[in-house]
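Chemist: Counted the way full-length UniProt numbering counts, the sequence shown spans residues 1 to 223.
Here a beta-carbon is modelled for each residue, glycine too, at the ideal position from N, C-alpha and C.
The structure displayed is predicted, hence computed values, not measured ones.
Have a look at this one.
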Amino acid sequence: MAELESEILQLRKALNEARLERDILKKQQRICTGVAEKYALIEQWRQQFPIEAMCQVFGVSRSGYYNWVQHEPSDRKQSDERLKLEIKVAHIRTRETYGTRRLQTELAENGIIVGRDRLARLRKELRLRCKQKRKFRATTNSNHNLPVAPNLLNQTFAPTAPNQVWVADLTYVATQEGWLYLAGIKDVYTCEIVGYAMGERMTKELTGKALLWRSGASAHLPG
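The structure is reproduced here in structure tokens:
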């Protein structure tokens with residue numbers, strides 16, 4: 001009986017420790033990476049969670065934490081560490097798309113006032129960068145002296161059967177290996193893609209390949 005009670009107590013202790021670790025990690029929200037930041041969080045949450053448990057969850061030693069406390073970083077340094085946490089939270093919240101100016105406004109709207117120069121310095125220390133949009137790649141060049149094909153449709157898109165009217169378009173797709181161009185042929189009546197081709201360059205041959213590739217072997221336009 002005593003052995004069973006001891007086992008139950010151990011299980012309860014393990015469960016409580018697991019819940020405690022979950023609560024600490026949930027509160028952390030993956031914003032803490034540097035050792036100094038972890039010490040700052042432990043100091044901030046010492047009234048909510050046991051110091052030993054937080055040190056274990058964050059992967060730092062108690063002696064290191066106490067040594068950090070004894071050295072008493074300057075008020076400015078401690079303020080910087082707290083600001084860094086807020087900046088990282090705001091950076092994640094804005095999907096890593098805000099620069100210094102917009103991030104300063106975002107922080108101010110959440111009650112955190114910080115100068116632009118200081119914010120820029122802390123962002124640099126944290127190595128935070130905005131996700132850049134890919135540069136637009138033009139697929140149409142109207143400035144040329146080449147012959148222009150006649151407009152047979154004249155904006156009249158009313159076919160009565162398949163394979164009477166096809167339309168084509170060319171677009172681009174961003175991949176990890178660079179840009180790919182996609183040429184597509186669409187049947188206006190069925191709204192189905194009857195041909196397509198992809199290539200690394202935007203050439204007339206690419207459109208020709210799309211015309212040659214058809215979803216049905218018998219698919220053809222009159223004439």
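If I follow the unbroken beta strand (DSSP E) through residue 89, where does it start and stop?
Modeler: No beta strand (DSSP E) contains residue 89, which is instead part of the alpha helix (DSSP H) from 75-93.
Chemist: Please name the residue in 85, 158, 147 and 68 whose C-alpha comes closest to that of residue 123.
Modeler: When only C-alpha atoms are compared, the closest one is 85.
Chemist: Among 172, 126 and 117, whose alpha-carbon lies nearest the alpha-carbon of residue 34?
Modeler: When only C-alpha atoms are compared, the closest one is 126.
Chemist: Report buried or exposed for residue 195, applying the criterion of at least 16 other Cβ atoms within 10 angstroms of its Cβ.
Modeler: Buried is the call here.
Chemist: Mapping DSSP to helix, strand and coil, what is residue 189?
Modeler: Residue state, collapsed to three classes: coil.
Chemist: Compute the Euclidean distance between the alpha carbons of residue 71 and residue 56, then round it to the nearest angstrom.
Modeler: Going by the C-alpha atoms only, they are around 21 Å apart.
Chemist: Determine the burial state of residue 66: buried for a count of at least 16 other Cβ atoms within 10 Å of its Cβ, exposed for fewer.
Modeler: Classification for residue 66: exposed.
Chemist: Run through DSSP, which three-state label would residue 198 get?
Modeler: Note: residue 198 maps to strand in three-state DSSP.
Chemist: Can you tell me whether residue 75 is buried or exposed, with buried defined as 16 or more other CB within 10 angstroms of its CB?
Modeler: Answer is exposed; the Cβ neighbour count stays below 16.
Chemist: Which class does residue 65 belong to by DSSP, given the choice of helix, strand or coil?
Modeler: In the structure shown, residue 65 sits in a helix (DSSP, three-state: H, G or I).
Chemist: Closest to residue 210 by C-alpha separation, out of 80, 151 and 168, would be which residue?
Modeler: Looking at the Cα atoms, 168 is the closest of the given residues.
Chemist: Which term fits residue 198, buried or exposed, when burial requires 16 or more other beta carbons within 10 angstroms of its beta carbon?
Modeler: Exposed, because fewer than 16 other Cβ atoms sit within 10 Å of the Cβ of residue 198.
Chemist: If you count every other CB in all the chains shown that lies within 10 Å of the CB of residue 204, and 16 or more means buried, which is it?
Modeler: Classification of residue 204: exposed, given that the 10 Å Cβ count is below 16.
Chemist: Within 10 angstroms of its Cβ, does residue 217 collect 16 or more other Cβ (buried), or is it exposed?
Modeler: Here the model assigns residue 217 a pLDDT of 44, short of 50, so the residue's position is not dependable and the matter cannot be decided.
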